[in-house]
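Note sheet for the following structure.
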Amino acid sequence: MIEAWGLCRDFGRLRAVDEVDLTIRRGEVFGFLGPNGAGKSTLLRMLVGAVVPSAGRARVLGCEVPREADRLRQAIGYMTQRFSLYEDLTVDENLDFAGEVFGFGRDERRRRVEQAVETYGLARRRGQLAGTLSGGWKQRLALATATVHQPEILVLDEPTAGVDPSQRRRFWEQIFELAADGVTVLVSTHYMDEAVRCHRLAMLRRGRLVALGEPRALADHLEGRVVEVDAEPPEEAVRLLRRRPEVASVTQLGDRVHVLLADEAPDAAETAPRLAAHLHQEGYGDAVAEPARPGLEDVFVAATLGGEREGDRSHDGDGRLPADDTFTGARTGAFRAVTDTVPRPAPPPGDGEDR
Amino acid sequence: MSAAEPAPQRRFDPVASLSRLLAVARKEVRQLGRDPLTLGFVVFVPLVQLALFGYAINQDVRDVPTALRDRSGSPVSRQLVERLEATQAIEVVHAVTTEAEGRAMLGRGEVQAVIVVPPDFARRWYRGRGAQVSLLVDATDPLVARAVRTAADGLAATVAEEAGHGGAGGLSARVEQESELRRAAPITFSVLTYYNPELRTPVFVVPGLLGVILTTTMILMTALSLVRERERGTFEFLIGTPVRRGELMVGKLLPYVLIGLIQIVLVLVAGLALFRVPIEGSLFALAFASLLFIAANLTLGLVISSLVKTQLQATQVAFFFFLPSVLLSGFMFPFEAMPEPAQWLGELLPLTHYIRLCRAILLRGVSVFELWGSLAWLAAMFVVGLVAATRLFEKRLA
């Protein structure tokens, strides 16, 4: 129901979104994961028609975006990254205004506002000015407003930024309740724990799509390629490990150190003892290295590795759609095979051109 | 797969469109109500300006400090100077012994005029051979220069009439037509027996002030209105809604039309109470002209708002527009007295036309349709502004 071909967006000399191809299916919760500045917001904004692409095409529910975006308004709910409701209006007034511009009559509007207030637990805040709400409440109000017209597609741009963990959890429950009702949800985040809950996930880095697929499947591809190291203090251990030929990358994740193995290296079961031995030799007497279950962090590291090594504009994606379970930038062999199997579908002819 | 999906089609529906437009208007009113500063702006700025321009900026020039070099020293010359002083336009504060000394004082700003009576004044006067008196005037302030010259010309005409010479006096009697008032002597009337009430400054200023106040508030408020949505981020919310840009624009304008009308009533009532400004023409005519003017200003504000990126820029552009509006519209200086290029510029400004309309309606009681050119200009500005603003304004982010 949402398709994109070669979407690009430049801001001056910066390419914020670079040749992104996507297909999003009805009813899925589709995540966009990436650090700040990876192009998540720009990509979502292009899909809702708020930003015009510099190149490429997108179709949402059969409408060309942005040209026919006006026809989609009733079908899309859009929750912006920055709180974009009227801070000098109350919770009720904001909801009512949304209901009004979405074309509901007085009675219908009242019914919907009541429903939204109930669903999102806003009852005790309804008379409060939106500007005086705390982050979590603002975000609830924003979600309530974005869904007041019961859209088919819900686009949420970093909805949980700056919201405390318990509120985040509650928010995701609501997202899944909506998805259960058949709403297609596009959500961007930089939280791994949120990304992992999505049905499918697109990883972005510097505007490029570097990985695409179900979170579990993406991680499974790294099975046997990740070693977890426990050494105190970790900083020096990280430096030591980076010099090893069998190591592609070392990432410190809190108090753990994750080692991603290079293509040439044997699998984790074989390599882990070697790394441990090396650390022992270097004075880390109690260092432990064990094969680890790969997480999304590892996926992200692996996916961005190739891009970093060969510079930003690698051409490995040319002529190929990064389909499911794909790492386009990766140079870790586990993914190359997948990348090469899926032919890129051509965009439907004619539609995108001016008529 | 998606190619086969039915597109959620929405044809243009005027009822839905109007209700969205009204939603925007209602929202705008609510927001205005929450902003005491803006409300203060609406009510107090007009009153303060009225007081400032009405009382403080008094354009009636009086008692211009003057130096006198009387080389005639005769009873006639003394009488002439006395009569000149009696017009209240000048006040002799120094008697100097040379013309050069007088000029030096003029240069230093100690006096703003020097009267030089030649030695043969009395002789020529008695022989009826055109006695000449030189008047050196500091024209730094044109109003002062004008006042002094007017007083002198007027006196000359009176004297001529008294003497039965007729020439100059006859001329001044004929030039009552307003358009020619400023060409030569005739403003004499103000210091002569015909005191022309229209030259009382407040009466003259208030109708113009009406336009100035409307210009400042209307343009500034709308210039800020769209860009404020952008700056606060609420515009991104609007992008996601079915509100079309025309609906957004007109919806945002409506509340300000009301505010403009409130301001007009305020200024007129205060002008009537404080300065007894007459309302000679019909209020209906005034309301009609005012609505057109408000509309023209509002769309101009929208154009500004569509062009700029921040509220600060909007304010700056608005002020860039205010200055010529105040200076070249005939509010500050008599329009006909301005150099021609300035008049051309002035003709472009909506304020010029509105001031003309206001003065005609309020002071002279003229039917509004006699000034149809000005009405047409305002209407044209409104239409062009609305089209331009709608074209310039993209319902997009970047």
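Protein sequence lines, in the order shown, are assigned to chains A and B. Counting from 1, one number per residue, gives the positions in the first sequence under our numbering. Counting from 1, one number per residue, gives the positions in the second sequence under our numbering. Don't be surprised by glycine CBs; every beta carbon is placed ideally from N, CA and C.
Residue i (DSSP reduced to helix, strand or coil)
i                      : result
residue 184 of chain A : strand
residue 31 of chain B  : helix
residue 255 of chain A : coil
residue 265 of chain A : coil
residue 3 of chain A   : strand
residue 79 of chain A  : strand
residue 18 of chain B  : helix
residue 66 of chain A  : coil
residue 122 of chain A : coil
residue 227 of chain A : strand
residue 365 of chain A : Residue 365 of chain A falls outside the range modelled here, since chain A spans only 1 to 355, and no answer is possible.
residue 290 of chain B : helix
residue 370 of chain B : helix
residue 280 of chain B : coil
residue 19 of chain A  : strand
residue 282 of chain A : coil
residue 152 of chain A : coil
residue 221 of chain A : coil
residue 267 of chain B : helix
residue 138 of chain A : helix
Cut-off 6 Å between Cβ atoms - residues of its own chain near residue i, not counting five sequence neighbours on either side
i                      : result
residue 301 of chain A : 249, 251 and 260
residue 63 of chain A  : 71 and 72
residue 226 of chain B : 305
residue 286 of chain B : 361
residue 393 of chain B : 245 and 306
residue 223 of chain B : 301, 304, 305, 314 and 318
residue 126 of chain A : 91, 92 and 117
Expected contact under 8 Å - CB spacing of residue i and residue j to nearest Å
i                      : j                      : result
residue 209 of chain A : residue 60 of chain A  : So it is not a contact: roughly 18 Å between Cβ atoms.
residue 7 of chain A   : residue 44 of chain A  : The Cβ separation is near 11 Å, so there is no contact.
residue 101 of chain A : residue 20 of chain B  : 5 Å
residue 63 of chain B  : residue 91 of chain B  : 4 Å
residue 25 of chain B  : residue 240 of chain B : Not really, about 20 Å apart at Cβ, beyond 8 Å.
residue 358 of chain B : residue 220 of chain B : With 8 Å as the limit, residue 358 of chain B and residue 220 of chain B do not qualify as a contact, their Cβ atoms being about 20 Å apart.
residue 227 of chain A : residue 266 of chain A : About 11 Å; that fails the 8 Å criterion.
residue 34 of chain A  : residue 192 of chain A : Going by Cβ atoms, the distance from residue 34 of chain A to residue 192 of chain A rounds to 11 Å, so no, they are not a contact pair.
residue 246 of chain B : residue 390 of chain B : 6 Å
residue 342 of chain B : residue 328 of chain B : 6 Å
residue 268 of chain A : residue 216 of chain A : Not a contact, Cβ separation roughly 18 Å.
residue 74 of chain B  : residue 121 of chain B : 7 Å
Sequence-distant residues of its chain with Cβ nearer than 7 Å to residue i (five each side left out)
i                      : result
residue 78 of chain A  : 48, 146 and 155
residue 9 of chain A   : 16, 17, 42, 46, 51, 53 and 54
residue 326 of chain B : 212 and 332
residue 272 of chain A : 227, 289, 290 and 291
residue 297 of chain B : 214, 215, 218, 219 and 350
Beta-carbon proximity of residue i to residue j, cut-off 8 Å
i                      : j                      : result
residue 233 of chain B : residue 83 of chain A  : yes
residue 217 of chain B : residue 322 of chain B : no
residue 299 of chain A : residue 219 of chain A : yes
residue 267 of chain B : residue 50 of chain B  : yes
residue 244 of chain A : residue 280 of chain A : no
residue 208 of chain B : residue 280 of chain B : no
residue 140 of chain A : residue 122 of chain A : yes
residue 167 of chain A : residue 131 of chain A : no
residue 143 of chain A : residue 159 of chain A : yes
residue 400 of chain B : residue 386 of chain B : Coverage of chain B is limited to positions 1 through 398, which leaves residue 400 of chain B absent and any answer about it impossible.
residue 148 of chain A : residue 98 of chain A  : yes
residue 207 of chain A : residue 58 of chain A  : no
Residue i - partner residues in DSSP beta bridges
i                      : result
residue 203 of chain A : A:33 and A:211
residue 191 of chain A : Beta-bridge pairing links residue 191 of chain A to no other residue.
residue 390 of chain B : For residue 390 of chain B, which the question treats as bridged, DSSP gives no partner whatsoever.
residue 135 of chain B : B:115
residue 24 of chain A  : A:2
residue 90 of chain A  : A:129
residue 66 of chain B  : B:92 and B:113
residue 14 of chain A  : A:11
residue 157 of chain A : A:188
residue 260 of chain A : A:226 and A:249
residue 289 of chain A : A:229
residue 52 of chain A  : BP columns for residue 52 of chain A are empty, so no partner.
residue 58 of chain A  : A:4 and A:65
Close Cβ partners of residue i (< 8 Å) along its chain, the five nearest in sequence each way excluded
i                     : result
residue 27 of chain A : 179, 182, 183 and 184
(request) Please list the residues of the region 152–169 of chain A that have a C-beta atom closer than 7 Å to any C-beta atom in chain C, keeping them in chain order. (result) Considering every chain present, this structure includes no chain C. Its protein chains are A and B.
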